[in-house]
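Remarks on the structure that follows.
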Amino acid sequence: MVLFKALIAAVPLFSGTVAQSTGQGEKVWAAVAFINHGERTPMVANLRTVLTPEGAQQMMRQGTAFRARYIKDGVNNSDYDGIQTAYLQNLKSDMIDNDDLDLISQTDEWVSGGAMAFLQGLYPPSTNSFDSSIGGDEIAMNLVDGDNKTEYPLNGYQYPNIRSPSYFDPESTTVQGNARCSAWQTEITTNLTENDSLGDLYQSTLPFYQNLFSTPPLEGTININDASIWNAYLLWEFIDYQYRHNETVHEGLKDANKTLSFLNTNAVIMERAQNSYLDSADDNTPMDVLYSIAGRTMAYKVTSQFRSNIRWGSSYNKLTLMFGSMEPILSFISLSGLLTKENILKEPWSTLPKPGAALVFELFGEDPDTPDRQPATDSLRVRMYYRASADADESFRNQPIFNSGPDGIAYSKFMQTMNQLGRSPKQWCDICGPTPAPWCDLIDSDNTDWSDDFSVRPVIAGVIGAIVSFGVLAALFTGLCICGGYRLRRRAPAETPHEASAVGSAAGGFKGPEKKDGDADVVVTKQGVHHERVGSWELRSPNELPPPPPQTSGIVTKDMGSPRRRSLDDSDDDISVMGATPVKARESV
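The sequence shown maps to residues -19 to -1, 1 to 570 in mature numbering (1 follows the signal peptide of the UniProt record, and there is no 0).
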């Protein structure tokens, strides 16, 4: 709360820099990064929200910077000569190996599109990039058509496996813990407006916002009732975009730099207020946990990835990249103790995370006796960097996470602290009620043992999840059949006299041989019965499900489509022994 008041008191004054730290020489075994999306068209404009060309370029530049840091001789561009190197052990240089990477993105198209652009910078198109793990050059040869090699399209374009877990997937909480969190939405849209400090700020800044949108060049662009600090981020994004892309606004906005700086500072105040509890100095009160949920679910993912990397001897999850919006970054910065009275008004913390800004955690260490193998956990350390923008000359700035120094923090201490801060998907369900995600009921217990031994290989975890989901669906379907009277029905074909007599003679009638064929009306074919899987939350598209609670921060710009519901009657499976025509006995003298 003291830090928050200090930031309010300084409006609109802010300045300063953070000194660049020197790089470390220890071997890096794993890195986990959360990356803010690139520039997009504003949410409140009468435009479809998409990644802009500049936004894509920002993400590609950030990807190139990561390549310069983690891949030896990976970038031949003097603009990136200032990037401090920290080469990731055994990370392939020219060809994507999706076992090395774990790529997760929010479902928003401006985020997932930016993730693709980032990977274009991290792994640019490369010809003849066929290593032994995929068969070497043989994969590119087709001897039937000659001995020429076939390259991937676009001169060797790389194809990453980027996952975009939706709201109906527990992993979605790791990149957007605040999204669809109904308790958090209630707090920021109702209770937060009752905060005295924010109320005073609202009154003092209201004339500025009202005047800005009631005079040229912005007059009429925004509903005047929405022009207040309660919509600070959306309004800053809108004006910043218009100043960059609209000639009328660019030429007509008075004191543009001062105006944009003031708007950005107000947006920082509001976004920080929404992602860290203002009225408590304790990080673990229920309200603090709720407000900082975005940073806490991200922290859970960071520790999970490090545990998995260690469990598999650094064979998997060498580089984890999470793509999303700024909330997890702002939330975690507050949780980690990086904000102090001395630096809250200085760069980079005094401004919003810029497009492409990245928060990076690195697992490093070395055992002199076995330098080529990942050392034991007591020889591992963790350090954190913040790359504040996607500019080529931006440095990876070492941050003293949890009051650590430039050498980072011991792995065991890092994990202990992160375990206290982090929240799992199941805990997210408990925190974000009363309207949790549809998968919350499928998680019947929460694992509180965060030891390094508790880790499941991603492929195995997927198989287990599929089996559990199928079992739950089977139980639900059985319940419908028993309680709802739902049946699978077969339509019997029209029976001819010849077919009736054939059945009677084949089975021998009721006076036939002792060894009889099965009755025709209960014969099961070799192919069995094929069921279309319906009702699965992880397979259904968002359009087939009830809409989630709306995310509003005062301005509503787009209507959500009405849901389409699929009935069990839509199933193609109409096979049942109920209603089949019984066998007609042949009687003759």
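Glycine residues also receive a C-beta, built at the ideal position from the N, C-alpha and C atoms.
In this text, all values refer to a predicted model and were calculated from it rather than measured experimentally.
I210 to D422 span [Cα, whole Å]: Numbered from 1 along the sequence shown, position 229 holds the residue referred to as residue 210. Numbered from 1 along the sequence shown, position 441 holds the residue referred to as residue 422. Distance between the alpha carbons of I210 and D422 is about 38 Å.
Span of the alpha helix (DSSP H) around Q166: Against the sequence shown, residue 166 aligns to sequence position 185. First-last of the alpha helix (DSSP H) with Q166: S163 to T170.
Can we say the stretch 80 to 93 touches the stretch 14 to 25, given the rule of at least three CB pairs closer than 8 Å? They touch, by the three-pair rule.
Nearest to T278 by alpha carbon, out of S360, Q157, S113 and L319? If you number the sequence shown from 1, residue 278 lands on position 297. Checking every option, the nearest Cα to that of T278 belongs to Q157.
Using a Cβ-Cβ distance cut-off of 7 Å, determine whether N379 contacts chain B. Reference to chain B is not applicable here, since this structure consists of a single protein chain.
Close-in-space but distant-in-sequence residues of the same chain around E152 (CB under 6 Å, 5 per side omitted): Here the question's residue 152 lines up with position 171 in the sequence shown. Here the set comprises P146.
If you check the beta carbons only, do V363 and L340 fall under 7 Å apart? Along the sequence shown, one-based indexing puts residue 363 at 382. Along the sequence shown, one-based indexing puts residue 340 at 359. No. Outside cutoff.
Are at least three pairs of beta-carbons, each pair with one atom in the stretch 97 to 114 and one in the stretch 320 to 330, less than 8 Å apart? no
Just grab the DSSP bridge partners of K130 for me. Against the sequence shown, residue 130 aligns to sequence position 149. Answer by DSSP bridge pairing, in chain order: M122.
Pick from A371, Y366 and A373 that is closest to I382, judged by C-alpha positions: As a position in the sequence shown, residue 382 is number 401, starting the count at 1. Taking only the C-alpha atoms, the option nearest I382 is Y366.
When DSSP labels each residue in this structure, what does R354 get in the three-state scheme? Mapped onto the sequence shown, residue 354 falls at position 373. Of the three classes helix, strand and coil, the one that applies to R354 here is coil, per DSSP.
What would DSSP say about F377, mapped onto helix, strand or coil? One-based indexing of the sequence shown puts residue 377 at position 396. Three-state result, F377: coil.
Have a look at S289 and E228 and give me their C-alpha separation to the nearest angstrom. Position 308 of the sequence shown, counted from the first residue, corresponds to residue 289. Position 247 of the sequence shown, counted from the first residue, corresponds to residue 228. Rounded to the nearest angstrom, the two C-alpha atoms are 51 Å apart.
Assess contact between the stretch 63 to 73 and the stretch 295 to 303, defined as three or more Cβ pairs (one per stretch) separated by less than 8 Å. Is contact present? yes
Could you pull the start and end residues of the beta strand (DSSP E) that Y367 belongs to? Locating residue 367 in the sequence shown gives position 386, where the first residue counts as 1. Start and end: R362 to R368.
Residue range of the alpha helix (DSSP H) that D181 falls in? Here residue 181 refers to the residue found at position 200 of the sequence shown. Here the alpha helix (DSSP H) through D181 covers D177 to L193.
Should P356 go down as buried or exposed, given a rule of 16 or more other Cβ atoms within 10 Å for buried? Residue numbering aside, residue 356 sits at position 375 when the sequence shown is read from its first letter. Buried: at least 16 other Cβ atoms inside 10 Å.
Tell me which residue opens and which closes the beta strand (DSSP E) that V341 is part of. Taking the first residue of the sequence shown as 1, we reach residue 341 at position 360. Element bounds for V341: A339 to F345.
Using the beta-carbon count (16 or more within 10 Å), is D374 buried or exposed? Residue numbering aside, residue 374 sits at position 393 when the sequence shown is read from its first letter. D374 should be labelled exposed.
Leaving aside the five residues before and after N247 along the sequence, list all residues of the same chain whose C-beta is less than 6 Å from its C-beta, in chain order. On the sequence shown, residue 247 is found 266 positions in, with the first residue counted as 1. These residues qualify, in order along the chain: I210 and A213.
Report whether the distance from the Cβ of K130 to the nearest heavy atom of the ligand MN is below 6 Å. Judged by which ligands are present, the structure shown has none, so any question about the ligand MN falls away.
Excluding the five sequence neighbours on either side, which residues of its own chain have a C-beta within less than 8 Å of the C-beta of S393, listed in chain order? On the sequence shown, position 412 is the one that residue 393 refers to. Counting only Cβ-Cβ distances below 8 Å, and skipping sequence neighbours, we find T358 and D359.
With three or more C-beta pairs closer than 8 Å as the rule, is the stretch 159 to 167 touching the stretch 180 to 195? no
Taking Cβ to Cβ, would you say L28 is nearer than 7 Å to G95? Stepping through the sequence shown from its first residue, residue 28 is reached at position 47. Stepping through the sequence shown from its first residue, residue 95 is reached at position 114. Against a cut-off of 7 Å, the Cβ pair of G95 and L28 comes out as no contact.
Residues near D348 in its chain [Cβ-Cβ closer than 6 Å; skip 5 each side]: Here the question's residue 348 lines up with position 367 in the sequence shown. The answer, listed in chain order, is P356 and S360.
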